[in-house]
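**Student:** Right, I'll just put the structure down here and ask away after.
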Amino acid sequence: MSDYNFAYLDEQTKRMIRRAILKGLAIPGYQVPFASREMPMPYGWGTGGVQVSAATLTPDDTFKVIDQGADDTTNAVSIRKFFERTAGVATTEETEKASIIQTRHRIPEAALREDQILVYQVPIPEPLRFLEPRETETRKMHSLEEYGLMHVKLYEDISQHGQIATSYAYPVKVQDRYVMDPSPIPKFDNPKLEMAAIQLFGAGREQRIYAVPPYTKVVSLDFEDYPFEASKADHACDLCAARDSYLDEVIMDDAGGRMFVCSDTDYCRSRREAGHSGALASPAPAQEVPA
Amino acid sequence: MTRVEPNPLLSVRGVDKTYGARIGCRDVSFDLYPGEVMGIVGESGSGKSTLLNCLAGHLDPDGGAVLFDTRDRGLVDTVTMSEPERRMLGRTDWAFVHQHARDGLRMSVSAGGNIGERLMAVGGRNYGSIRASAIDWLDRVEIDESRVDDRPSAFSGGMQQRLQIARNLVTGPRLVFMDEPTGGLDVSVQARLLDLLRGLVREMGLSAIIVTHDLAVVRLLADRLMVMKSGHVVETGLTDQVLDDPQHAYTQLLVSSVLQV
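Line by line, the protein sequences give chains A and B.
With full-length UniProt numbering as the guide, the letters of the first sequence map in order to residues 1 to 291.
With full-length UniProt numbering as the guide, the letters of the second sequence map in order to residues 1 to 261.
Given below as structure tokens:
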């Protein structure tokens, strides 16, 4: 622990990142450029989120990391270990107990509180990028509020698929001003973007930070005759029987067998501990017969 | 007997543009009245495109004024106008048809999306009505309705050019800038495109400024003609007058250079 400055980054860097975060909070949805540092992990593994977390952490914080909702995947485990080692903060897998949650591609199912911070890892912060490759032009479009192009993308979806087929990284308009990419969360999570917690977005390779302050208005873009729909697999979790959570589809064998499970592992575990049981849940451990 | 002069739609006053020591265009002034089509002809490098880009707000002229008759505030200088206002004009009252269709189209977006973009840019949020006007416009530029979901890359050169025109005219602009609209098309396709353009211009009462080096194009489309050489306007007048009785030596050369078949 003593080999590192608290939370890996030096104090000047953290100050620089905090300034960017404050500016981001002052202008909800606006992408603030910042001098992203090289982190000891490859781009695409959450270098932006890690820098935002490092600048936000205090020694009293309890830290949680999720990757696609799960606490036990490689990305989540390694980032959690990284901060255990470099910051010595307490870590947890329980959403309820965490004060800072770094996430990749999900918002936890449990509602977050005002004293919590949600940090997103963002691969491509620019929602207009795939339609307009020029950065000078996209910046101008943001500053002049020219967002017609975003609807062209949705138009293309409907004309090709009969519905808005964009199912993740679904563009939103923040506080009636900036169009923002909410990072690749499923569109099921979009309504949750209006929450009590502070939401910070860090894109390391693209060197951008943006933010959504608590209780900020966040509207998913749509057409009058094709309204936004927060969709999920039409199924209950096979482990905890939840019908209100976002589900992962897991292929079980090569004969078409599959199961649906909550992508939020902590939510699923807490429900099972509370006695809920899904169609494919194993019986309680006490009844398991030793091999 | 007195006659009430209508207000010009576009009034150009002494527009200058230089590229360092080289002259782009020098001291160009003219008025364009509603419903009028103006042709600008000249050889390559004579400053036609520079002038057009200055008028359309793509280039910042070094001097002069470009006054446009806006709907709400009357004649306003578009050079000193704020950029959001100018860009708003660029997608409502103005249209710009590029020589190469791929400069004016989004090649990765379907024909319908290309036509609908301007509608969505000015706030259209109803998929059904956007699609209906896209199909209506495809029909008006003689592209089959079944191609509405095809990308422009699957279209022929002539179809791409017609699609670009549809995409520009869908918001009912009052002034259309055209930069060599028939360049690079074979003659039979050119003829059809000119026919279509002439129909649309008359039907919608459009004003247009057409830059071209093809005298046949201006003969068919333009009411008035402006001949440019080395950045200067050397002759102006009614199209037939200029073409049938050229006064300036360069215009005479230009007219006599056309091959008679």
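Just so you know, even glycine gets a beta-carbon here, dropped at the ideal spot from N, CA and C.
No experiment lies behind these values; they were computed from the predicted model shown.
#1: Does the beta-carbon distance from B/L52 to B/V211 come in below 9 angstroms?
#2: To which residues does DSSP link A/I251 through a beta bridge?
#3: So that I know if they touch, is there some Cβ in chain A lying closer than 9 angstroms to that of B/I130?
#4: So, do the region 124–141 of chain A and the region 97–106 of chain A have three or more beta carbon pairs nearer to each other than 8 angstroms?
#5: Looking at B/I209: is its Cβ nearer than 9 angstroms to the Cβ of B/V258?
#6: Leaving aside the five residues before and after A/R258 along the sequence, list all residues of the same chain whose C-beta is less than 7 angstroms from its C-beta, in chain order.
#7: If contacts are defined as beta-carbon pairs under 8 angstroms, then A/L118 and A/Q51 qualify, I think. What distance do you get, rounded to the angstrom?
#8: Verify the CB distance criterion: does A/V152 have a CB-CB separation below 9 angstroms to chain B?
#9: For a contact meaning CB atoms closer than 8 angstroms, what does B/A121 contact in chain A?
#10: Between A/Y170 and chain B, is any beta-carbon pair separated by less than 9 angstroms?
#11: Can you tell which of B/G157, B/L75 and B/D72 has its C-alpha closest to the C-alpha of B/L105?
#12: Quickly, what does DSSP pair A/A202 with across the bridge? List them, please.
#13: Quick one: complete beta strand (DSSP E) runs, 3+ long, within the region 154–234 of chain B?
#14: Determine the burial state of A/E288: buried for a count of at least 16 other Cβ atoms within 10 Å of its Cβ, exposed for fewer.
#15: Our contact map puts B/V141 next to B/L119 with C-beta atoms below 8 angstroms; I'd like the distance itself, whole angstroms only.
#16: With burial defined as no fewer than 16 other Cβ atoms inside 10 Å of the residue's Cβ, what is the status of A/A291: buried or exposed?
#17: Spatial neighbours of B/D62 within its chain, please: C-beta separation below 7 angstroms, excluding the five flanking residues on both sides.
#18: Using a beta-carbon distance cut-off of less than 8 angstroms, what residues from the region 149–176 of chain B approach chain A?
#19: Select from B/D139, B/K48, B/A132 and B/D144 the residue whose C-alpha is nearest the C-alpha of A/S159.
#20: Just by C-beta distance, which residues in the region 102–117 of chain B are closer than 7 angstroms to chain A?
#21: Just to confirm the assignment, what range does the alpha helix (DSSP H) spanning B/S256 have?
#22: Please check the pair A/V219 and A/K173, which I expect to be a contact at CB under 8 angstroms, by giving their CB distance rounded to whole angstroms.
#23: Return the residue from the list A/K217, A/Y215, A/P133 and A/A279 that minimises the CA-CA distance to A/H235.
#24: For A/H151, count neighbouring Cβ atoms within 10 angstroms of its own Cβ and tell me buried if that reaches 16, exposed if not.
#25: In chain B, which residues lie with their C-beta within 8 angstroms of the C-beta of A/S159?
#26: Between A/S167, A/H142, A/L144 and A/S143, which lies nearest to A/L154 when the distance is taken from Cα to Cα?
#27: Check this for me: beta carbons of A/L247 and A/M195, under 9 angstroms apart or not?
#28: Of the choices A/F223, A/N190 and A/A211, whose alpha-carbon is the least far from that of A/D157?
#29: Roughly how far, in whole angstroms, is the beta-carbon of B/R147 from the beta-carbon of B/S108, given that I think they are within contact range, below 8 angstroms?
#30: Between B/E145 and chain A, is the shortest Cβ-Cβ distance under 9 angstroms, so that the two count as touching?
#31: Taking Cβ-Cβ distances below 7 angstroms as the criterion, which residues of the region 224–235 of chain A are in contact with chain B?
#32: Is B/P84 close to chain A? Criterion is C-beta to C-beta, closer than 9 angstroms.
#33: At a CB-CB cut-off below 7 angstroms, which residues of chain A make contact with B/N126?
#34: Examine chain A for any beta-carbon lying closer than 9 angstroms to the beta-carbon of B/R87, and answer yes or no.
#35: Between residue 283 of chain B and B/P173, how many whole angstroms is the CB-CB distance? I'm expecting something under 8 angstroms.
#36: Could you please give the first and the last residue of the uninterrupted alpha helix (DSSP H) stretch that includes B/A121?
**Tutor:** On the basis of the data shown:
#1: yes
#2: A/R258
#3: yes
#4: The answer is no - the region 97–106 of chain A does not touch the region 124–141 of chain A, with fewer than three Cβ pairs under 8 angstroms.
#5: no
#6: E249, V250, I251 and M252
#7: No, A/L118 and A/Q51 are not in contact; Cβ-Cβ is about 15 angstroms, not under 8 angstroms.
#8: yes
#9: E146, G148 and L149
#10: no
#11: B/G157
#12: The sequence shown places Gly at residue 202 of chain A, rather than the Ala named in the question. Note: A/G202 sits in a beta bridge opposite A/Q121 and A/I209.
#13: 175–179, 207–212 and 224–229
#14: Reliability of the predicted coordinates at A/E288 is poor, the pLDDT of 46 falling under 50, and no value is obtained from them.
#15: Their Cβ separation, rounded to whole angstroms, is 16 angstroms, which puts B/V141 and B/L119 out of contact at 8 angstroms.
#16: Bear in mind that the predicted position of A/A291 carries a pLDDT of just 48, short of 50, making it unreliable; the figure below should be weighed with that in mind. Exposed.
#17: D16, K17 and T18
#18: Only those residues of the region 149–176 of chain B whose C-beta falls short of 8 angstroms from the nearest C-beta of chain A are listed: D149.
#19: Between A/S159 and the set B/D139, B/K48, B/A132 and B/D144, the nearest pair of CA atoms involves B/A132.
#20: V109, S110, G112, G113, G116 and E117
#21: A249 to S256
#22: Contact check for A/V219 and A/K173: beta-carbon distance about 5 angstroms, within the 8 angstroms limit, so the pair qualifies.
#23: A/A279
#24: buried
#25: S110, G112, G113, R131, V148 and D149
#26: When C-alpha distances from A/L154 are compared across A/S167, A/H142, A/L144 and A/S143, the shortest belongs to A/S167.
#27: no
#28: A/F223
#29: So it is not a contact: roughly 16 angstroms between Cβ atoms.
#30: No, because no Cβ of chain A sits closer than 9 angstroms to the Cβ of B/E145.
#31: E224, D225 and Y226
#32: yes
#33: F223, E224 and D225
#34: yes
#35: With chain B covering only 1 through 261, there is no way to say anything about residue 283 of chain B.
#36: A111 to A121
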